[in-house]
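See structure below.
Number of protein chains: 2
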Amino acid sequence: MNKKPKIILSTVDVQRLETLLDALAPDSFPGMAELEEELERAEVVEPHRMPSSVVTMNSTVKFKVEPSGEEFRMTLVYPGNEDASGQKISVLAPVGSALLGLSQGDEIQWPRPGGGMMRVRIIEVIYQPERSGDFLA
Amino acid sequence: MNKKPKIILSTVDVQRLETLLDALAPDSFPGMAELEEELERAEVVEPHRMPSSVVTMNSTVKFKVEPSGEEFRMTLVYPGNEDASGQKISVLAPVGSALLGLSQGDEIQWPRPGGGMMRVRIIEVIYQPERSGDFLA
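Protein sequence lines correspond, in order, to chains E and S.
Read left to right, the first sequence gives residues 4 to 140 (the numbering used here).
Read left to right, the second sequence gives residues 4 to 140 (the numbering used here).
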């Protein structure tokens with residue numbers, strides 16, 4: 004088990020995610036119990052106090068794969084809001100649930116097709132709703 | 004880099020996935036190049052010759068998390084066919100792309116919310132379209 008990075012969540016995202024998790028059967032997806040624990044242990048702040056470098060719901064993140072240096076963008080969405088582009092990832096999916104609340108500079112492990120893992124670093128939160136004042140209904 | 008497990012794909016899935024990947028910009032998602040390599044290296048069989056223990060597109064798989072023993076079901080879908088349940092995973096997403104073509108008994112690494120990895124074993128392919136004669140249009 005790796006050391007757990009600090010995670011920061013907004014009061015609004017925590018409330019929505021708790022409502023979502025409450026609506027699902029227990030053990031609906033691998034990592035569900037751990038996601039619930041993350042909501043418990045997170046530092047929770049009001050949306051207007053969210054640091055601009057944190058990955059919140061509906062944020063678009065620029066990643067760099069180490070050591071290849073390839074860059075990718077991905078948007079963290081609620082389940083059911085994915086699309087055919089491959090560039091939206093559900094907060095309930097592997098990696099998606101690990102991304103929530105991390106900050107620029109943090110690294111995550113990313114399973115590679117065909118086996119093995121990639122190290123992927125969050126290099127920039129390109130779009131963050133809270134920073135842009137987009138407090139969705 | 005882990006040893007690569009053997010993967011088996013159907014001619015129909017390979018064709019659809021190649022069409023899908025051709026439609027995306029290069030480097031659309033982390034692991035895109037590796038998924039293309041997997042399509043190249045896979046053993047490819049006609050749908051009616053697909054072994055019943057292989058994870059094909061639209062298969063539903065029962066997993067067991069090691070060592071907790073928790074069990075989960077997940078269906079491998081084309082991107083855009085996810086839903087709000089958290090129990091469908093896109094073939095372009097992390098873990099989804101790693102599942103394609105694996106067999107009962109194979110193990111994969113699954114990122115855990117909050118950091119670290121789970122070992123997850125494919126214990127049964129509960130539903131496989133080819134086995135059921137569901138050759139979708």
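Note that CB positions come from ideal geometry on N, CA and C, so glycine has one too.
For residue i, the residue or residues it bridges with in DSSP
i: residue 125(E); result: 66(E)
i: residue 120(E); result: 114(E)
i: residue 31(E); result: Residue 31(E) pairs with nothing; no bridge assigned.
i: residue 23(E); result: DSSP lists no partner for residue 23(E).
i: residue 10(S); result: According to DSSP, which records beta bridges pairwise, residue 10(S) is partnered with nothing at all.
i: residue 106(S); result: 57(S)
Rounded C-alpha distance that separates residue i from residue j
i: residue 17(E); j: residue 120(S); result: 23 Å
i: residue 62(S); j: residue 78(S); result: 6 Å
i: residue 35(E); j: residue 46(E); result: 19 Å
i: residue 10(S); j: residue 137(E); result: 44 Å
i: residue 135(S); j: residue 55(S); result: 9 Å
i: residue 87(S); j: residue 93(S); result: 13 Å
i: residue 140(S); j: residue 107(S); result: Its pLDDT being 46, under 50, residue 140(S) is placed unreliably by the model, and nothing is read from it.
i: residue 65(E); j: residue 75(E); result: 6 Å
i: residue 129(S); j: residue 57(S); result: 10 Å
i: residue 133(E); j: residue 89(E); result: 24 Å
i: residue 116(S); j: residue 14(E); result: 19 Å
i: residue 95(S); j: residue 41(E); result: 25 Å
i: residue 26(E); j: residue 7(S); result: 38 Å
i: residue 32(E); j: residue 131(S); result: 20 Å
i: residue 84(S); j: residue 48(E); result: 33 Å
i: residue 53(E); j: residue 38(E); result: 20 Å
i: residue 91(E); j: residue 29(E); result: 25 Å
i: residue 111(S); j: residue 103(S); result: 11 Å
When the options are compared against residue i, the one with the closest alpha-carbon
i: residue 70(E); options: 124(E), 134(E) and 84(E); result: 124(E)
i: residue 19(S); options: 59(S), 101(S) and 91(S); result: 59(S)
i: residue 22(E); options: 44(E), 81(E) and 87(E); result: 81(E)
i: residue 43(E); options: 54(E), 52(E) and 24(E); result: 24(E)
i: residue 141(S); options: 38(S), 109(S), 95(S) and 97(S); result: Within the shown structure, residues of chain S are numbered from 4 to 140, placing residue 141(S) beyond reach of any answer.
i: residue 118(S); options: 32(E), 100(E) and 65(E); result: 100(E)
i: residue 122(E); options: 28(E), 53(E), 41(E) and 73(E); result: 73(E)
i: residue 2(S); options: 113(E), 83(E), 48(E) and 84(E); result: Outside the shown range of chain S, which is 4 to 140, sits residue 2(S), and nothing can be said about it.
i: residue 105(S); options: 30(S), 126(S) and 91(S); result: 126(S)
i: residue 50(E); options: 7(E), 102(E), 28(E) and 12(E); result: 12(E)
Any chance you could list the alpha helix (DSSP H) runs of at least 4 consecutive residues sitting entirely within the segment 37-104 of chain E, in chain order?
Runs found: 99-102.
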